[in-house]
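Chemist: Residue numbering for the sequence shown follows this note's numbering, starting at 376 and increasing by one per position. No residue lacks a Cβ here, since even glycine has one placed at the ideal position from N, Cα and C.
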Amino acid sequence: LPTTIDTSYGICEVPFGVVRRKPYIQGYNKKGEWPVQRFAAIEDGKHGVALVNTGVQGVEINGGTIWTTLLRAPKNECAGMVPDETSSQHGFHTFKFALVAYEGSWKESPLLTIAQEFNSPIQVLKGTELKIAEGVPYIKIDRRNIVLSAVKLPEDGADGEIIIRIYESVGCACESSIYIKDASNVWMTNVDELKLEPVELDGEKLKVCMQPFEIKTLRVRKNGY
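If you want it as structure tokens, here you go:
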């Protein structure tokens with residue numbers, strides 16, 4: 376993907392964050408690639424362009440061009456890889472990318488939202504009907520840089536409780552307001568989803584202070600339980 380942006384520095388998404396990377400010295404078993412999660416971008420302070428992927432995560436950025444590796448299928452043995460018909464690289468493959476142009480910095484652009492929606496489109500499944508008043512969200516976060524990463528049932532199966540995981544995505548500390556429909560109690564948790572300190576609720580809203588790239592997990596009890 377050649378561009379007119381003169382840079383060899385890339386903005387690469389990694390799990391729960393973003394890093395700025397430059398090309399490294401190539402060698403026998405390395406070709407200048409960096410791993411990215413859902414997008415890699417380049418920008419010049421005024422404009423930017425990003426390549427959003429769906430599982431093709433080897434990226435090299437050099438001289439204003441973004442390269443991505445589609446397949447790895449060596450003809451000879453390479454670092455333990457032996458080509459044969461059982462390799463996942465054989466057969467038919469479908470590749471899907473999105474090209475996103477934006478002004479200014481990626482931090483103020485909808486790039487991360489686009490990448491998230493492109494990789495996890497809305498799916499409608501047949502199930503129990505849940506009636507929600509028109510215009511009233513189930514969960515609402517007031518800041519774009521705070522990403523809703525997961526909504527799930529707790530591992531211990533507690534009735535009337537859900538787990539919500541959020542993270543700060545651009546490297547800026549901030550305070551965020553979160554609305555959770557029908558929330559009656561909220562606790563911070565550890566990675567084992569054990570309740571720690573309670574979080575003060577204002578009706579069905581709460582405020583959380585996030586450090587750069589911080590991950591937080593909340594445990595929520597719904598009204599009626």
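Go ahead and pull the three-state DSSP assignment for LYS482.
Modeler: Helix, per DSSP.
Chemist: Taking 9 Å as the threshold (C-beta atoms), are ILE538 and THR503 in contact?
Modeler: Cβ distance not < 9 Å, so THR503 and ILE538 don't count as in contact.
Chemist: Mark LEU445 as exposed unless 16 or more other C-beta atoms lie within 10 angstroms of its C-beta, in which case mark it buried.
Modeler: Exposed, because fewer than 16 other Cβ atoms sit within 10 Å of the Cβ of LEU445.
Chemist: Would you call THR592 buried or exposed, if buried means 16 or more other Cβ atoms sit within 10 Å of its Cβ?
Modeler: Buried, by the Cβ-count rule.
Chemist: By how many angstroms is the C-alpha of VAL427 removed from the C-alpha of ASN520?
Modeler: If you take the alpha carbons of ASN520 and VAL427, they lie about 18 Å apart.
Chemist: Within its chain, find whatever has a CB closer than 8 Å to the CB of VAL389; leave out the 5 residues flanking it on each side and keep chain order.
Modeler: Cβ within range, chain order: PRO410, VAL411 and GLN412.
Chemist: Helix, strand or coil, according to DSSP, for THR488 in the structure here?
Modeler: Reduced to three states, the DSSP call for THR488 is helix.
Chemist: On the DSSP bridge assignment, give the partners of ASP577 in chain order.
Modeler: Looking at the DSSP assignment, ASP577 forms a beta bridge with LYS580.
Chemist: Distance check for LEU581 and SER559, CA to CA, integer angstroms please.
Modeler: Rounded to whole angstroms, SER559 to LEU581 spans 11 Å at the Cα level.
Chemist: Relative to the C-alpha of THR382, which candidate in ALA533, ASP557 and GLY438 has its C-alpha closest?
Modeler: The shortest Cα separation from THR382 among ALA533, ASP557 and GLY438 belongs to GLY438.
Chemist: Run through the DSSP bridge pairs and tell me what ALA525 is partnered with.
Modeler: For ALA525, which the question treats as bridged, DSSP gives the partners ARG540.
Chemist: What residue from GLY385, VAL499, ILE555 and ALA425 has the CA that sits closest to ILE489's CA?
Modeler: For ILE489, the nearest C-alpha among the options comes from ALA425.
Chemist: With DSSP as the reference, please indicate the residues paired to ILE417 in a beta bridge.
Modeler: Bridge partners of ILE417: VAL424.
Chemist: Kindly indicate which three-state DSSP category PHE472 falls into: helix, strand or coil?
Modeler: Strand.
Chemist: Is the separation between the beta-carbon of ILE441 and that of THR379 shorter than 9 Å?
Modeler: Cβ atoms of ILE441 and THR379: not closer than 9 Å.
Chemist: Starting from the C-beta of ASN494, find all residues in its chain whose C-beta is less than 7 Å away, skip the five residues before and the five after it, and write them out in chain order.
Modeler: Same-chain partners within the cutoff: ARG413 and THR429.
Chemist: In chain order, what residues of the same chain have a beta carbon less than 6 Å from the beta carbon of GLU408, not counting five sequence neighbours either side?
Modeler: So the qualifying residues of the chain are GLY433 and GLU435.
Chemist: Nearest to ILE590 by alpha carbon, out of GLY599, SER544 and LEU486?
Modeler: Out of GLY599, SER544 and LEU486, SER544 has the C-alpha closest to the C-alpha of ILE590.
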